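Residues in the first sequence are numbered consecutively from 60, following this note's numbering.
Where is the CB? At the ideal position from N, CA and C, for every residue including glycine.
Predicted model, so just to flag it, every value in this text is computed and none were measured.
Each remark here refers to the structure printed beneath this line.
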Amino acid sequence: MEEKVFYITTPIYYVNDVPHIGNAYTTMVADIVARFQRLLGREVLFATGTDEHAIKVAEAAEAEGIDPKTFVDRIAPKFKEVWKELEISYDDFIRTPEPRHVRVVQEAFRRLRDSGDIYRGVYEGWYCVPDETFFRESEVTDGLCPNPECRRPVQWVQEETYYFRLSAYQDRLLQWIESNPGCLQPEFRKNEVVSFIKHGLQDISVSRANRGWGIPVPDEPDKVIYVWFDALLNYITVAGWLSDEEKFHRTWPADLQLMGKDIFVRFHSTFWPAMLMGLGIQPPRVLFGHGFWSVEGEKISKSRGNAISPAKLAEDLASRSGAKREVAVDAIRYFMVREVPFGVDADFSRSALVHRFNSDLANDLGNLLNRTLSMVGSYFDGVVPKPAGVAEEIKSEVLSAVAECETALSSLEFARGLEAIWRAVSAGNRFVDERAPWRLMKEGKREEAATVLYSVLETARIVAITLSPVMPSAAREIWRQIGSPGDFESVGWAAALEWGVLPSGIMTAGPQPIFPRIEERKREPKAEAGAESPVGAGFAIPPQQAPEETKPEAEEPVISYDEFKKLDIRVAEIKSAEQVAGTDKLLQLTVDPGDGERTIVAGIAQWYEPEKLLGKKIVLLANLQPAKIRGVESRGMLLAADVDGRAIILTPDEDVPSGAKVR
RNA sequence: GGCGGAGUAGCUCAGUGGUUAGAGCACGCGGCUCAUACCCGCGGAGUCGUCGGUUCGAGUCCGACCUCCGCUACCA
């Protein structure tokens with residue numbers, strides 16, 4: 060008997076949405092799972108695709124004066140391009156207009172109609188064309204679509220339509236959920252589904268008037284099939300339903316269907332399994348509704364213009380760090396599954412990405428490889444040394460990390476899996492530190508040094524394997540640099556469970572930093588972490604406004620310690636001072652806050668003479684947004700006591716060096 | 001309004017009723033010098049949201065309340 064194929068799906072995406080960080084996330088996660096399963100030796104079918112029959116699509120085409128098919132034929136390939144850039148290893152890419160799919164949809168419709176699950180009725184009420192959604196009379200109060208994202212005018216329609224008897228599946232759905240623990244994940248979203256179903260399910264309209272785009276209802280060409288009915292069925296089209304029964308038998312039910320939380324409850328956890336039940340097909344094994352990404356704390360929306368393109372983001376990251384483009388893609392994949400537990404909402408911020416990149420990838424992993432290969436180069440001519448024995452302590456740490464990683468990845472706990480890998484990385488760094496091969500070499504203990512370095516290379520080999528589902532290119536590069544022979548693509552997870560596989564005597568490729576550190580600002584690394592840099596600091600994330608400033612605060616505002624930490628206040632020496640031409644209050648000062656001279660403008664001319672200020676130590680707010688005052692750029696603010704409008708400069712109680720931090 | 005979840009270190013979070021509540025990051029100090037100014041070690045005055053209860057013992061169980069979030073319903 061042939062083994063079940065591991066079948067994993069993403070939703071199929073609307074073709075009028077270019078992939079952004081949100082829907083790329085679903086696809087990246089699916090890719091990670093697919094690669095992991097292949098690594099474990101499973102045959103995998105990983106499917107994604109495009110949903111092209113929406114009325115929105117037809118309208119967008121019309122707006123450009125072309126027919127819908129031409130329109131989608133132009134857009135759909137762009138998805139493939141983006142997925143390729145993001146290293147998405149899909150096996151099948153389905154487009155809903157494909158004949159194999161049209162046939163499935165029509166046949167499913169016909170069968171459900173024959174069995175009575177789809178019946179003819181009349182719909183009367185409000186209809187929102189762009190949303191393709193019907194609303195009850197009570198829901199529409201002002202003639203506008205009740206969907207707050209939409210709010211466009213609705214139409215009163217009265218038409219014959221087909222309904223799917225969703226209401227009949229209430230008990231069967233609840234029973235399915237109850238008797239299949241884990242079929243709806245995460246758990247807290249399962250509860251939402253149960254609660255939704257228990258409130259009562261209404262039959263759902265599954266046809267629309269034919270406006271020249273969509274899959275026609277069998278025998279009734281004046282109607283087309285509702286896009287969700289159409290779209291959901293893609294999952295069984297790909298699996299071979301009606302076209303390849305043998306394949307379908309090996310593939311269905313899907314092992315994992317991933318999607319965002321927005322389409323989890325109503326569509327994937329309710330309508331979809333009910334449709335399958337009506338067709339006599341098993342529901343999928345696991346449906347997973349993950350959380351949403353915000354960007355710099357704000358909801359992703361086209362109108363805000365913060366729907367960042369992951370490909371563009373990778374390009375920017377690459378250019379800022381000097382990493383190869385595919386490594387930058389890997390870094391983004393890493394960030395998105397490492398930053399938060401899978402399932403919950405998360406925020407994508409530039410500073411968090413840079414932080415992860417520098418500390419996890421560059422410092423911990425990259426540098427481990429770099430320092431090791433560098434020593435192998437200088438002590439052993441770049442040849443993998445022969446160990447004198449097995450270093451049990453690091454071996455056991457690494458192998459237990461692998462075991463935990465496997466458990467975690469199997470249960471979709473990616474962050475935990477990566478934490479486990481990083482424990483192996485840390486073990487490597489600690490081992491190098493404790494054994495200090497540079498000291499061993501000085502003491503002439505060459506064999507011991509060989510054992511240490513070999514052990515770390517072995518750690519790197521194992522890390523490369525376990526990391527490869529998340530970071531395929533970086534993993535391949537690690538593999539190459541340590542000189543590991545053989546085709547990396549054909550290595551399996553089992554090779555990570557064994558210690559001592561890397562052959563001695565082979566040449567390494569020498570250290571070439573895979574993740575070059577991103578040096579953001581040379582002189583103020585501390586303030587950088589939390590601060591939002593106001594001026595174009597790279598990355599395609601638009602600068603944010605500061606909304607908290609606009610709220611009127613009647614009471615004395617309180618700031619958190621965190622906010623205080625953002626202030627970079629330092630002692631600075633005044634090097635020169637002169638009146639700003641044409642003003643009577645402003646002095647232009649050259650000050651040295653410890654990192655070189657800079658110019659600031661201060662409104663103290665009425666009380667201080669320029670000559671007397673020379674050499675004086677003042678207190679400077681150094682990271683105030685630069686401003687041009689009377690044509691002079693001021694990069695900082697002198698702090699002074701305000702006594703009835705008069706400024707009194709603050710100076711240190713004792714002489715302190717320029718640059719001393721004030722806190 | 002109903003249902004559900006969350007509230008633990010500066011931040012993000014772990015934490016089967018059982019000694020002095022943990023991890024990572026950040027911060028501070030020390031060490032090392034192979035390495036991408038990296039890495040390693042050490043450190044912490046936490047009302048475990050509030051109040052009450054059960055218990056020999058509660059971050060953990062129960063009740064009430066406060067705050068935030070999600071889903072759902074907006075029907076007297």
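*Taking the continuous alpha helix (DSSP H) assigned at L99, which residues delimit it?*
That residue, L99, is in no alpha helix (DSSP H); it is neither H nor E in DSSP.
*Write down the C-beta distance between G653 and R629 rounded to the nearest angstrom, noting that I regard them as a contact closer than 8 Å.*
6 Å
*Entirely within the segment 105-141 and at least 4 residues each: give me those alpha helix (DSSP H) ranges in chain order.*
114-122
_Just to confirm my understanding: we take Q217, look at its own chain, exclude 5 residues before and 5 after, and list those with CB closer than 6 Å. What are they?_
E183
_Exposed unless 16 or more other CB atoms sit within 10 angstroms - verdict on S717_ = buried
*Apart from the five residues on each side of it in sequence, which residues of its chain come closer than 7 Å, Cβ to Cβ, to A377?*
K383, R384, A387
*Name the one or two DSSP bridge partners that H349 has.*
G319
*Same chain, Cβ closer than 7 Å to C464, neighbours up to 5 away in sequence not counted*: G476, A479, I480, T525
_I'd like to confirm the pairing. Which residues does DSSP put opposite G180 in its beta bridges?_
T220
*If we ignore side chains and look at the alpha-carbon of each, how far apart do L512 and R520 end up?*
12 Å
*Any beta strand (DSSP E) of 3 or more consecutive residues that is wholly inside the segment 149-181*: 151-154
_Sub-8 Å separation of F407 and S353 beta-carbons_ = yes
*Can you name, in chain order, every residue of its own chain whose Cβ lies under 7 Å from the Cβ of I153, other than the five neighbours on each side?*
I71, A106, G108, H160, N293, T296, V297
*Candidates E102, I91, W538, of which the one nearest K306 by Cα*: E102
*asked:* Check whether the segment 493-500 and the segment 426-442 are in contact - that is, three or more C-beta pairs closer than 8 Å.
replied: yes
*asked:* Assuming E398 and R409 are in contact, meaning their beta carbons sit under 8 Å apart, how far apart are those beta carbons, in whole angstroms?
replied: Contact flag wrong, Cβ pair sits at about 13 Å.
*Looking only at its own chain, which residues have a Cβ that is under 7 Å from the Cβ of R309, when we skip the five neighbours before and after it?*
E61, K63, V64
_Inter-stretch contact at 8 Å, needing at least 3 Cβ pairs: the segment 554-572 / the segment 528-541_ = yes
*Bridge partners of T68, per DSSP?*
A106, Q316
_Test item: CB-CB of I134 and V188 under 8 Å_ = no
*Nearest-angstrom Cα distance between G214 and D321?*
The sequence shown places Gln at residue 214, not Gly. Spanning the two alpha carbons is a distance of roughly 25 Å.
*Taking the alpha helix (DSSP H) that R494 falls in, what are its first and last residues?*
473-494
*Which one or two residues does DSSP pair with V678 in a beta bridge?*
V630
*asked:* Within the continuous alpha helix (DSSP H) that includes R267, where are the two ends?
replied: No alpha helix (DSSP H) contains R267, which is instead part of the beta strand (DSSP E) from 266-268.
*Are the segment 82-97 and the segment 331-346 touching, with three or more C-beta to C-beta distances below 8 Å?*
no
*D527 vs L145 beta-carbon contact at 8 Å*: Note that residue 527 corresponds to Ser in the displayed sequence, not to Asp. Their beta carbons are not under 8 Å apart, which means S527 does not touch L145 by this criterion.
*Measure the alpha-carbon distance for S226 versus L171 and round it to whole angstroms.*
14 Å
*Anticipated Cβ contact below 8 Å, I80 with I367, distance rounded*: 5 Å
*asked:* Closest to G381 by C-alpha separation, out of L428, E668, V413, T510, would be which residue?
replied: V413
*Put V560 into one of helix, strand or coil per three-state DSSP.*
coil
*Could you please give me the residues that DSSP links to Q341 through a beta bridge?*
According to DSSP, Q341 bridges with nothing at all.
*Spatially closest choice to V443 from T510, A113, N365, by CA coordinates*: T510
*In terms of alpha-carbon separation, which member of W552, Y186, S514 lies closest to S266?*
Y186
*Are A390 and L420 closer than 8 Å when you measure CB to CB?*
yes
*Can you say whether K585 is buried or exposed, counting buried as having 16 or more other CB atoms within 10 angstroms of its CB?*
For K585, the predicted model reports a pLDDT of 32, less than 50, meaning its position is unreliable; a value from the coordinates is still stated below. Classification for K585: exposed.
*Just the C-alpha distance for A668 and I659, rounded to the nearest angstrom, thanks.*
Note that residue 668 is Glu in the sequence shown here, rather than Ala. Their backbone Cα atoms lie some 16 Å apart in a straight line.
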